[in-house]
Structures are given as structure tokens and as C-alpha cells.
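**Q** The UniProt record's numbering puts the first residue of the sequence shown at 1, with every later residue one more than the last. Input: one structure, supplied below.
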Amino acid sequence: TLHSYPTFAIVPYQDLVACRLAQCLNPNLPSGVHQKTLELIGFKKNGLSESLPLWNSGLAPVLMFASTKIKPYFLGLIETFYLPLGPSLRPCAKSLIMSLLPGLEEDSGEYFDETFNVLDSVRQKLADDAFFWQCLWLCIITSPQQRQGALKNIVSVDAELLVMSAIKVVMGKEISLNRRVWSWLMGSDFEQNPVEDSYFKNYSMKYVVGCIKNCLDISKNDPVKLQEIFNILLSLMERSIIGSIIAPEVFLPALRTIYMFSGFNNDDLYNDVLFSARAFFDAVDSKLIWSKLLFLLDKLDVDVFDFSDYDFALYIILNFNIREGDMTFFHIPMVLYVNILNISNKSRNLAIEKTLLLVIHKLISFVPNNELSNVLFGEYSYEDRIFLKNNIKKYYQDLLGDESNTYLSKEMVMEFIFCLLIENIELYLDDSFYLFEMLWLTYEFIPKALRCSKTQKKMLLDDVVSVLSSKDLTFDHVYYIVKIIVELLKRTWINIDDINNNDILIPLVLYIWDCFSIENSKYHIDASLLLWTLHKMLNGSFIETIIVYAMNIREIPYVACLKFTILWKYSVDESLFAHVLARPSLIMIGFLHSDDIHTKLLVKAWIETLNTSFIRLLDIVLIKLLSLGFICSPKSEVAQELEISLLQFKETDDISMFVYYISICVEIIESGGIDLLEHAFTELLNVDTNKSNLLSKYCLISSDMSYISILAKIAIRVLHMFPESDFHNLRSMVINLHFLASKLLFYIVSKCNLFDHELIEVLLKRLIVKGFICENIFDKYILDILYIILKRNINQYEIDYKDFFFNGVHSLSIDESLGNNSEKKVFRNVLLMLVKLFITRLSTTQIPSNIEILIDFYKRCLGLFTNEMFQIFIPFIETLCNQVNFIIVGLETGFSDLKMEGLPPYEIILYCFEGLKYTITWAFENHDDKLKNSSRKSSENVGFFGNVMSGVFSLEAPSSVNFSKDNRNSIILCFRDIVKLAFYVWSWIECNMIVSIRKLETYKFINMRLKTASRQLIYALYDIKPIETLESLVNSVNKTDMKIKEHVFYFLSKFDDSRKQEIIPFLIDSINFRINSTSVVEKHKSNIIISVTPNSIISFLINFVEFSKTDLLKQSWPVCLAFFRDAVNSPQQYQIIDTYILHFATSLIKKLSE
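See the structure below:
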């Protein structure tokens, strides 16, 4: 019918037609019917392709029963209508493949090749091999009738690819599909226990192994496919029958692939693959792993092998987990033993040996430490070692052997390894590289070893001695010798006495010490760490003693200093710092006294660059200081009225060490440490509890005080110490100790003001109280400290003094202000204590050098005060005058005495004059403005100091002067009496006293010095206040006898010309000032407040004219003529002295007419 109507585009009633044609393909019908049916189905090409699902149900089973002549028609339909669809075949791919499989049952069949080609064309048209093979695998699984034939023919062509495709199904985790895959691979063994002669091993293994190896080779550069392969291997390992059989075959190839891939520079991709490879590795049996590793490493008996096997084995050890379960306790020691035996072969390439040694290092590190010691073993022979090696190799060759065999003993293996390592040290004494490796391995293995027998201990110590005495000894060897010794000490296999000898410890420490030389700079850090590691185990002063020996005896100072500075640099952070570097540090400071200038400069440079480590140096010295017992001794109470407590030194006290440690502190600071003191202001010193309690009780030192505070407290305590007896050596040491303590305090005070309040009181009392110090010593550092504190706090001290003055002390006289009745009260005020100091020291000291120091200190202090504080120093000015008077009387007595007795030191007068001159100069410079603005006041003719010299000064007692109102009067009175004092000294010298012939030369020398000094003092006073100076002399003349008068005029005649020319004008101004003050300019007005009348002045002028030369009078005639003219023009004003004026004029004209 279809042939009769060819014009129809489509087959009508296709459903019905397709159904009837499918019925015509019934296997029971003749082949002719089948042929005719297939021809009819292919009649309308378009209709078949478009409605393929409708026609496919009838065509699918044809090849199962088709005769030979029918098969070409069927294959033609497939090629004509199916293949052109291409990738669109995916929905019917499985059924299409299933329909073609019957044509492949017989490989000798007539249409086998045609059927295979059609099936391969289907694979190509699908353009997805994986999908095709998965469909083929599903067909095989679901059609048992076609399975054998299909596998038989397909495996012969691409079986490995088929197996891989089938295995990939397992990754889908579909239980039913997985079961079918395992059933296909395992056959009859699927539901049974694995046996040696299994189905998988006989039929499937070679294909599975082959496909995996082939895929590993093909995909070695493709990280995605490599990761997929490792996931497949992990899936196979989940089935013990398959995994146990294929693992020995694919383990090394799989890991070698990832090892080769690790060389690519793509860490992310590599890490992903490595993660999958590690999962596979963890699934493999440990015995198999170590069997393969031993295979890679044990090449001693192999003539030809791949050198990369060592690197490959090292890669596995480094990148995979080999530290689980029985690996560390059993397998690693076994493989380690075999490899250590192989070290002895030195004929191979050195690079290979290094790799093997690195493997051994890693394996040792994986062996767990053994905490037990002295495990008892039997003795083993050399034959036992060889037997053990053979047993180990046999054990790993038999992968399926019984695991319960007991012929391998971990204890025996560990014992043999330890013995081998010790023996190898001696074996390689002449080979530096192998010796280093053996020492390193021995050090690493000691914590793992189970015991150390006496024989092993002796051998090991002998090896250490041999290595240290080797001429090729290097730092690397010494490094591991120290490490070995430390580990042996930790495990108590040796004790300190075993190594503390001339063969081990001394050469060992000296070698490390030598590593701190400049040329060994690359070892400095390691050498320091090594030294401290050794010290912490020895727990004593062994290392310190050896270093002290090296610095003092073994080397020259400069070299010792260089090494010490380097050791210090890398040791300052060590907690046991002082245990090793205490005495060497003191020796280092001692090198400041070296004769070698380079050594001195090096030590100073080291101190200057200490920075924060300066604290560590102070810590050493302070710990030594605080260790002295008498530091914490209670004080002996003396001078209680002044609240001063002293501590007596006993002859049994180690004062020399105390002096030494204090001097060390001073030398550190002087040599550059003064700029580093700021680091010691906040750092706290830690001491033990008992020591802290004693220090707190007796030294006021607490546990939370800074280094500077403790140093200051110790120095202050030193100043309270004095010798128990007058034994000369003890006394001299205490004097030196006081000097050093004051020097130390000077440096501290110059940097901070933390101790001003405490120190100024202590030091002032120390200088005031008699017997507190040795009288012949005047410590200038104490005076410098006082000056610094005064300078910093002078404003506050002045305020405190004023408050103190107005609250009860209203007199500045010695008896009332500084008298014995108010001693405690005075000692509560700093400035009154300061004046008390000046008075006490000046009164009790007859040593010129000490007087010079005191006067210099006084001059410095005076410059700190304001103009209102002059009166507080008046008692000291009086004391200066008294000292001059005392010395003059002593000189007069001494020169008049015929006996050859000692004379008082005349130099004291010179220093006193210097103090008086500076005082008056300072007073007028600071009070000049006030003196100009103050109103003139008169007073009685009194001497401010009282009767300080016999027959010279007035007899009136000192008066009380108001603090705020009479400051000017005090200065003027002092000025007048100083002028009279200087003139007194000069006039005493002018007296030609009778002197013993034996003292004549001395008298002449002293006469000249004092005469010059007194004249210079009066000149200085004259330059400051000329009118006041002359008026003071006028006052002296009127109160003295004729002899003194002559001395005055003789003294004035010795003035230089410039000063002499001013005498008559100044005296006339003085007269005019008292007659008519408005007639005198301001600068020529007198400020002196004494009863000098115009009559006395003009009388002085008349006498002066008699003693003056004509030239001087001629120069003064114009001034005198003006004075006479004023007297004539104002007779009433000059009425009281007109007679004296007439006498003066007569004398002057008479003198000029001569």
C-alpha cells in the first residue's frame, strides 16, 4: 500500500503501522517476513528519523534472532537513520548499544567487524567517550546474556578504558550501581571471603592495574585527572579484596606521579592533588608502606639503581603521614636500623649519602621519646646484628606473612642503633662531614634510646674526648657535643663529675669562648646559646670560672675584652645572666686600669653602648653589694640630739670588698654610664624575701625600688658609717669609701632630684657634726652635691627660711640663731644648716686646702641667693673676720717666740679675704638699686661684728637687725668693718716687730704675701665704694693713736696715681654731702651710716695734706678752690667747720708754696 501511494509525505496512522510492523519482527516468523519488514521500515526516510522512538521498540531486539541475510538490513537502518542524529542519540544511546551487542557474540562471525564499526561510529557520533562507555557498562551489567561475548571482544580492544569507565561509577556512591561494579570485577568472590586464588586476581586484576597505571602516566600533568585517579584508588581500597591485591602494584607508581607533579609551580592545584593522595596513602596497610620505602632505600647490595629513589623516599616521608599507630613503634625503628647499617658504605655518591642521612634524621625524629631509663637487656654480638637485618628484610618481602612473628624485637633494634651510632663516631674521626653527621644522629637518638649501659657510656665519653682533641675540630662538632652532653645529663646517664675535667669541660668551654672572636662572627649567636644551654644543665659556676681564667690568664686584655663584649651582647636577655657573667663583668671594668690604651677605650666604648643592658651591669654589682652582711646591720645611735644615726665598721667586716664594689659603680658611671642612668630610674631590682625584709628594716630599701634608688640608699648609708677603732688601715679604707659614696651620689644627683630632700639634710649634718667624719678630709663631691640641690631648690628654701624666720627666729646673731639652745630648731631649716656648716667648718679647720674648698663652695652658693638673703650670711662673715684675727695673733706670737715652734697657716687669711671680697661685691651688685632709692639713716657708731680685733673695732655688742627693713644697713656695716679689718692686717705688717733671726726669711715672705693681699682687698673695696672706704679710714684715724694715723696716711700715699687723685675730691664731696646734700650728685653721695662728722673729715684732710706730695696737691687744687669758694659764698652752711676750712686752706697753700 505504501508503494502504491508514494506521494504521501508521511505515513498515516503511524502508531498502528509501527505496532503491526513490530509484530512482524516476531522471532517465530520466517526470516523473509523479517527482511520485508525491515525494507518497509526504511521506505520513508523522513518519517523514520522524525518518529524514531515510535519505530525503535520493534527494531531493538532484531540482532538477537536475525539470520545472516537479515543483519545487513538492520545495520543499514542504524547507519541511515540513527547515526546522522549525532549527539542527539544520548536519550536512546543505551538501548541502541544493547541492540548492537548480540552482533558481537562471535568474533569469527560474518558481520562481526561491521557490527563493531557501527558500534564505534555510535561512540564517535555521541562525542563523549565517558558517556558511551558508561552506557556500554550499564548494558553489560543489565544484560547477563550478552555480557561474556561483549567483554570478550571489547576488552581485547580497549579493555582498560572500559574498566576505568566502570570504576568511575563507584565514585557516584550509588549503592545499586556500586554493587553491580563490584560483582562484575569480583565475579564469584563477591559474596565470599577473599582467598589467594580469587576471581579478581585471576581475571580482573591485570586490567584494573593496567588501566590505573596507564591513566597515571597519561594524566601526570593534569591535576584534575590525577585527583580523580586518587579518588578512584581510595574507592577501590574500600573493598579489602581488591585493595589488598592492587595496592602493592599501584602504590609506588601513584605516589611517584604526585612526586613528579610537585615540581610544577602551582601550589593550589598541587595541594588539591596531594590532599587526595594522602587520603589514599592513609588507606594503605602500614607494612606495605614500609616495605616499599625499604625497597627504595635499601640499595646497598644493588649494583644499578635509580638515584632518584632516595629523593622519592624522602618526599614520601616528608609529605605523608607515617607517624600513626605501629609505624613509630615498630616499622620506623626497623627501617631505620637497616639504613644506619648502610651508612658505612662510603663508595657511593656524596649527594646520595646526604639524602640517605636526611632520611635517617627524619625517621629518628618520628621515633617517640623514651621516658624510661636503665632498661635491662642482654648482650648482643655482631652476628646478632646481621641476623636482625636479614630478618627485617625478609619480613618486609613477605607482605602476606604472619604478623605475629616474634623474631623482630623493637628493644633489640633500638639497642643496636645506639651502639652503631656510638661506634660510627670513632669510625669517622678523620672525616669531618661524616663525624658531624654521626654526632648529630647520636644527639637526636639519645632521647629515643631505652638505656645507656656502662660500656656505652664509656665509649661515648671517650668519643667526646677524641673529638675535642681532634686537629680538625669545628664548631659544628662542638655544637653537637654540647647537645649530647646536655641530653645525657637530662637522662641522668652521666653526672657533672664525669665531664668536669681537663679533657671535656675546660677545652669545650674554651673552644666556645674562642668562637666569640671577631673572625668567627657567624658563630656568635649559636655559641652564646650553646654556652647558656650548657650552663643551665651544670647549675654552678663552672663556666664562669673557666671564662675568668681565660680573661685573666689565657689571653691578653684587649682580646679578652673583644670576646666579652660579644658574649655580653648575645646574653643580656638570659635569666641566669649573673651566674656566668658576674665575675667576668667585674674583670671587664677592671680593664679600665689597663696599661693598654686600646683596652681602656674598648671598655669605655662598651659601657657607652650598653643602652638598656646597662641595668644588667648594675644588677651584677648591686647583688654583690647587697650580699655583704654588714649592709643590713642595725645602726648605733649617736648624736641623738641632731637625729643622726651612725653605723660602725668592725675589723671583721669585709670593707675592702665594699670599697671595690662601690668603686666599680663609680667607674661604670664615669666611663660613660652617666648618660645611661635614665634606664635605672624605673627598672626594679628583685631580691629574695628574707633579704628584702632586712634591707627594708635597716636600709629603707624595699623590694620595688629602682636601681638608682637602691644605689642612692646604699651610698647614703655609707656616709653614716665610721670605723669602730682608729686602726690606720681601717680608717683609710673608710675615708676612701666615703669619698666613693659621695662621688656616686654626685653623679646620681646630677641626673635626678629624687633624693634632694633626704640628701641635703644628711650631708649638711655630716659636715656640721664634729666627729662625724675625719677632720682632715674635706670631700668636694659632697659640696658639689649640696650646690646642685641648692641650685635646684633655692626658691623653696628661701620661702621656707622666711616662714621659719617670722615664726620665731628674729635674731641673726650666732648666739641666738645658731646657738646650742636652739640646735634642733636650726636643723629643721636648710639655709640655717648651711650657715652653720660654713661657721663650723671654718672654725674647726686649720688646713688651708680645706679652707680654700670651703670658700669656693661659699662663693658658688652665694651667687644662688636673692638680694634679700644677705643677712643670713653675716654670722659667717663674722667668723671669717675672727679667723683672720686668730691667725694674725698666732703669727705675732709665733714670730716673737724664740723657740722654733710651728706657725699658723697664713694662707687662711688669703682665703678669708677672698671670701669677704666676694661677699661685699655680691652684696653691692644685688642691692645697688635699693641703696640708691632708700633714705639715708643715721645710727650709732657701732661695729657690726663687735670687738673682733684688739684696739681696732668698737666695743658695742651686736644688735638685732630686722630681716626685711635693715638689709642695706647690714651691708654698709659689713663693708666698713671689712675695710678696717684689711687696714688692720696691713698696719700690723707695717709694724717692724722684733723677729727671731731663724724666722726672718719666713717673716719676710709672709709679710709680703699678706701686705699684698690686704692692699688688694682695700683696692677692691675702694673700687666698689670709694667714698665709703675713705670714710671708714677717717673713722679709724679718729679712734686710734698717732701710730695708726701715720699708717693710714702712709697707706693712702701708696695708692696708685689714679686712686690718689680722687682722695681729696671724694673727701670734699663727703663734707658737702653732710653740709648740703643737694649740692652733691647722686653717685658721690655716701651711704655709710656711721658718725663721721664734717669736722673729722676736714681734720683728716688737713693731716692728709701734710703727708701728700706737691704734685698731688696741685692736681687737686681746682677742686679745693671750688670748695673754698662755696664756703665763702655760703658762710652759714659751713659755719660749724669754718675754722677747720681756714686751717685746711692755710696748710694747703703752705704746702703748695714749698
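Positions of the beta carbon are idealized from the N, C-alpha and C atoms, including for glycine. Fair warning: this is a prediction, and the values are worked out from it, not measured in the lab.
1) Check leucine 684 in the structure and name its three-state DSSP category.
2) Could you pull out every unbroken alpha helix (DSSP H) segment of at least 4 residues lying fully inside the segment 702 to 758, listed in chain order?
3) Mind checking which residues open and close the alpha helix (DSSP H) that includes threonine 328?
4) Tell me which residue opens and which closes the alpha helix (DSSP H) that aspartate 514 is part of.
5) Give me, in chain order, the residues of the same chain whose beta-carbon lies closer than 7 Å to that of valine 952; leave out the 5 immediate sequence neighbours on both sides.
6) Distance check for leucine 567 and arginine 256, CA to CA, integer angstroms please.
7) With distance defined between alpha-carbon atoms, name the residue in Ser308, Ser235 and Asn1072 nearest to serine 276.
8) Roughly how many angstroms lie between the CA atoms of tyrosine 660 and leucine 745, to the nearest whole one?
9) Apply the 10 Å Cβ neighbour rule to valine 375 and answer buried if 16 or more other Cβ atoms are within range, or exposed otherwise.
10) Counting C-beta neighbours from all protein chains within 10 Å, is the total for tyrosine 395 16 or more, i.e. buried, or is it exposed?
11) Got a sec? Which residues, its chain only, sit under 7 Å from leucine 1142 by beta carbon, not counting five neighbours each side?
12) What would DSSP say about arginine 451, mapped onto helix, strand or coil?
13) Determine the closest residue to residue 1155 out of Ala18, Leu75, Pro87 and Gly915, with distance taken between C-alpha atoms.
14) When burial is assigned at 16 or more other CB atoms within 10 Å of the CB, is isoleucine 589 buried or exposed?
15) When burial is assigned at 16 or more other CB atoms within 10 Å of the CB, is leucine 341 buried or exposed?
16) Could you pull the start and end residues of the alpha helix (DSSP H) that glycine 76 belongs to?
17) For valine 1119, which residues in the same chain have their Cβ closer than 8 Å to its Cβ, ignoring the five residues on either side in sequence?
18) Drop a sphere of 10 angstroms on the beta-carbon of glutamine 145, count the other beta-carbons inside from all chains shown, and report buried for 16 or more, exposed for fewer.
19) Give a yes or no on whether the C-beta atoms belonging to valine 250 and leucine 294 are separated by under 9 Å.
20) Would you say the segment 33 to 42 touches the segment 75 to 89, given that touching needs at least three Cβ pairs under 8 Å?
21) Tell me which same chain residues have a C-beta within less than 8 Å of the C-beta of glutamine 397, skipping the five on either side of it?
22) To the nearest whole angstrom, what separates the beta carbons of proline 584 and isoleucine 547, a pair I think is in contact under 8 Å?
23) Return the first residue and the last residue of the alpha helix (DSSP H) that serine 1058 is part of.
24) When DSSP labels each residue in this structure, what does glutamine 1132 get in the three-state scheme?
25) I'd like the list of long-range same chain contacts for leucine 891, defined as Cβ closer than 8 Å, with 5 residues on each side in sequence excluded.
26) Specify whether the segment 269 to 288 and the segment 198 to 216 touch according to this definition: at least 3 beta carbon pairs, one from each stretch, less than 8 Å apart.
27) Just curious, the alpha helix (DSSP H) that tryptophan 606 is in, first and last residue?
28) Looking at valine 1128 and glutamate 1031, is the spacing between their C-beta atoms short of 9 Å?
29) How would you write the range of the alpha helix (DSSP H) that lysine 483 sits in, first residue to last?
30) Does DSSP put histidine 315 in a helix, a strand or coil?
31) So, using beta-carbon positions, are lysine 299 and phenylalanine 261 closer together than 9 Å?
32) Leucine 1142 by DSSP, collapsed to three states: which one?
33) Could you give the distance in angstroms between the alpha-carbon of valine 948 and the alpha-carbon of phenylalanine 886?
34) Check whether the Cβ atoms of lysine 410 and phenylalanine 330 sit closer than 9 Å, and answer yes or no.
35) Alpha helix (DSSP H) containing serine 121: first to last residue?
**A** If we stick to the structure as given:
1) strand
2) 707 to 719 and 728 to 749
3) Unbroken run through threonine 328: none, as it is neither H nor E.
4) 505 to 514
5) Residue placement at valine 952 is flagged as unreliable, the pLDDT there being 33, under the threshold of 50; the coordinate-derived value follows with that caveat. Answer for valine 952: Lys980 and Tyr984, listed in chain order.
6) 49 Å
7) Ser235
8) 16 Å
9) Residue placement at valine 375 is flagged as unreliable, the pLDDT there being 47, under the threshold of 50; a coordinate-derived value is accordingly withheld.
10) buried
11) none
12) coil
13) Nothing can be reported for residue 1155, as the shown portion of the chain is limited to 1 through 1154.
14) buried
15) buried
16) 71 to 77
17) Ile1064, Pro1065 and Ile1068
18) exposed
19) no
20) yes
21) Ser291
22) 5 Å
23) 1057 to 1075
24) coil
25) Leu903, Pro904, Tyr906 and Ile1006
26) no
27) 597 to 608
28) no
29) 475 to 490
30) Rather than histidine, the amino acid found at residue 315 in this sequence is tyrosine. Three-state DSSP puts tyrosine 315 in a helix.
31) no
32) helix
33) Any reading at valine 948 must be qualified, since the residue scores a pLDDT of 36, below 50, and its modelled position is unreliable; no value is offered.
34) yes
35) 112 to 126
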